[in-house]
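Enquirer: First, the structure itself, so that you have it in front of you.
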Amino acid sequence: MVGPGDDAGVFRYKDTLMVETVDIITPIVDDPYTFGAICAANSVSDVFAMGGTPLTALAILGFATCDFGPDVIKRLLKGAVDKLHEAGACLIGGHSIEDNEFKFGFAISGVVEKKNLLKARGAKAGDILLLTKPLGTGILTSAVKKGKVKKRLLREVIDSMLSLNKTASKAAVSAGARAATDVTGFGLLGHALNMAKGSHINLIINNDTVPLMSKVKELAAAGAVPKGAVKNLEFCSRNSYFSENIGEGDKLALSDPQTSGGLLIALPQKGVKKFDHAMKKGSGSYWVIGEVVKGAGKIIVQ
Ligand code: CO
Ligand code: CO
38 MVGPGDDAGV FRYKDTLMVE TVDIITPIVD DPYTFGAICA ANSVSDVFAM GGTPLTALAI
98 LGFATCDFGP DVIKRLLKGA VDKLHEAGAC LIGGHSIEDN EFKFGFAISG VVEKKNLLKA
158 RGAKAGDILL LTKPLGTGIL TSAVKKGKVK KRLLREVIDS MLSLNKTASK AAVSAGARAA
218 TDVTGFGLLG HALNMAKGSH INLIINNDTV PLMSKVKELA AAGAVPKGAV KNLEFCSRNS
278 YFSENIGEGD KLALSDPQTS GGLLIALPQK GVKKFDHAMK KGSGSYWVIG EVVKGAGKII
338 VQ
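Numbering (this note's numbering), first residue to last: 38 to 339.
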């Protein structure tokens, strides 16, 4: 029912809609338990982005057996299992391979009810645009790695990456959202563009309302961003229009690749109250960052 190009594939088997996705990342934090948990939150996110419920997980692990002992792997898996449990999913197997570069992730299987299915396409003119996590995981983790900012700034980033998109997904479904996607490797701009193209509409993003983590604005303005942000911006530039007041730093922050980022949701105006209520009930946060207008797949940042 849904093929490549969305957050997850959806396959109908008899009366069941299966949601299938896989995601693998390289370490972004030192602590194995925390990294395992972030990997799990990041992998189940694609199922939540489809309005689905994750059920089972298969772990995929690549590591050099001479560099990492069983203790590290045990803690990595414990972090993962705990986070999967919080998401409502169960680790039922996996595969490991000898690899010089450490990597870890999951293939996740879930289900979705047909009426709840949220594709990345489907946004309509008049919808408002919501984002459920601040941006900056790529910029901050790379700045900490390079020693440009204090390590304690990572706390906010880690908490954000650890938080599941479950509440946001349920809120979006119950409020009648028309489209949703999670903001990950292509940055807000890239994922917004995918939504705009797929939905045959334009998206207006009001830059001042886009939430950023601490120091991200300053770092981006100084050009201290990961390569991925530059690449994403390059890729999106052809289909994006920026007002004169939008600087290079703003553009880079909007293009920052996210790990375990929030949901970008197109919601009809009439669903706002219900969404707000559901998010408050689940202690989730969100920001109104723009709106959907008629068009042919462009992003307007003003
Ligand atoms: Co995704
Ligand atoms: Co993904």
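Every residue gets a Cβ at the ideal spot worked out from N, C-alpha and C, and that includes glycine. Predicted, not measured: the structure shown is a model, and the values here were computed from it.
1) Considering only residues of the same chain and omitting the five flanking positions on each side of Gly284, which have a CB-CB separation below 8 Å?
2) Is Ala117 near ligand 1, going by C-beta to nearest heavy atom under 7 Å?
3) I need the DSSP call for Ile336, collapsed to helix, strand or coil.
4) Report, in whole angstroms, the separation of the C-beta atoms of Leu249 and Gly173, which I expect to be a contact under 8 Å.
5) Consult DSSP for Phe48 and reduce its assignment to one of helix, strand or coil.
6) Using 8 Å as the threshold, is the C-beta distance between Val330 and Leu291 below it?
7) Could you tell me the alpha carbon to alpha carbon distance between Lys111 and Lys185, rounded to whole angstroms?
8) Is Thr218 helix, strand or coil by DSSP?
9) CB-CB under 8 Å to Tyr5, same chain, minus the five flanking residues each way: which ones, in chain order?
10) Between the C-alpha atoms of Asn276 and Ala96, what's the straight-line distance to the nearest angstrom?
11) Could you work out which residue in Gly46, Leu201, Lys115 and Lys182 is closest to Gly299 when comparing CA atoms only?
12) Following a CB-centred definition, is Ala290 positioned closer than 7 Å to any heavy atom of ligand 1?
13) Whose C-beta lies closer than 8 Å to the C-beta of Lys152 among residues of the same chain, with five residues either side of it excluded?
14) Grouping DSSP H, G and I as helix and E and B as strand, with all else coil, what is Glu255?
15) Note down the Cα distance separating Arg158 from Ala233, rounded to an integer number of angstroms.
16) Rounding to the nearest angstrom, what Cα-Cα distance links Thr296 and Gly106 in this structure?
17) What residue does the alpha helix (DSSP H) around Val59 start on, and which one ends it?
18) Closer than 7 Å: is that where the CB of Ala86 sits relative to any heavy atom of ligand 1?
19) Counting only beta-carbon atoms, is Asp136 nearer than 8 Å to chain D?
20) Could you spell out the range, first to last residue, of the alpha helix (DSSP H) harbouring Asn231?
21) Would you kindly work out how many angstroms separate the C-alpha atoms of Gly46 and Asp67, rounded to a whole number?
22) Can you list, in chain order, the residues of its chain whose CB lies under 6 Å from that of Met38, leaving out five sequence neighbours each side?
23) May I ask you to check if the CB of Asp44 is nearer than 7 Å to at least one heavy atom of ligand 1?
24) Does DSSP classify Asn282 as helix, strand or coil?
25) Measure the CB-CB distance between Met55 and Leu155 and report whether it falls below 8 Å.
Expert: Let me spell this out:
1) Counting only Cβ-Cβ distances below 8 Å, and skipping sequence neighbours, we find Ala258.
2) It does not: the Cβ of Ala117 is nowhere closer than 7 Å to a heavy atom of ligand 1.
3) Strand.
4) Confirmed, about 5 Å.
5) Looking at Phe48 - three-state DSSP - the assignment turns out to be strand.
6) Against a cut-off of 8 Å, the Cβ pair of Leu291 and Val330 comes out as no contact.
7) Across the structure, Lys111 and Lys185 are spaced so that their CA atoms are roughly 32 Å apart.
8) For Thr218, the three-state secondary structure derived from DSSP is strand.
9) An answer regarding residue 5 cannot be provided, because it is not within the stretch 38 to 339 covered by the chain.
10) Their Cα atoms are separated by approximately 37 Å.
11) When only C-alpha atoms are compared, the closest one is Leu201.
12) No, the beta carbon of Ala290 sits no closer than 7 Å to any heavy atom of ligand 1.
13) Contacts found: none.
14) Glu255 falls in the helix class under three-state DSSP.
15) Taking the straight line joining both Cα atoms gives about 7 Å.
16) C-alpha separation (whole angstroms): 26 Å.
17) Counting along the chain, no alpha helix (DSSP H) covers Val59; the unbroken beta strand (DSSP E) around it starts and ends at Thr53 to Ile62.
18) Yes - ligand 1 has a heavy atom lying nearer than 7 Å to the Cβ of Ala86.
19) Among the protein chains of the structure shown there is no chain D, as only one such chain exists.
20) For Asn231, the enclosing alpha helix (DSSP H) covers residues Gly224 to Ser236.
21) For the pair Gly46 and Asp67, the Cα-to-Cα distance works out to about 32 Å.
22) Hits under 6 Å: Val47 and Arg49.
23) With a cut-off of 7 Å, the C-beta of Asp44 is classified as near ligand 1, since at least one heavy atom of the ligand falls inside that distance.
24) Coil.
25) No. Outside cutoff.
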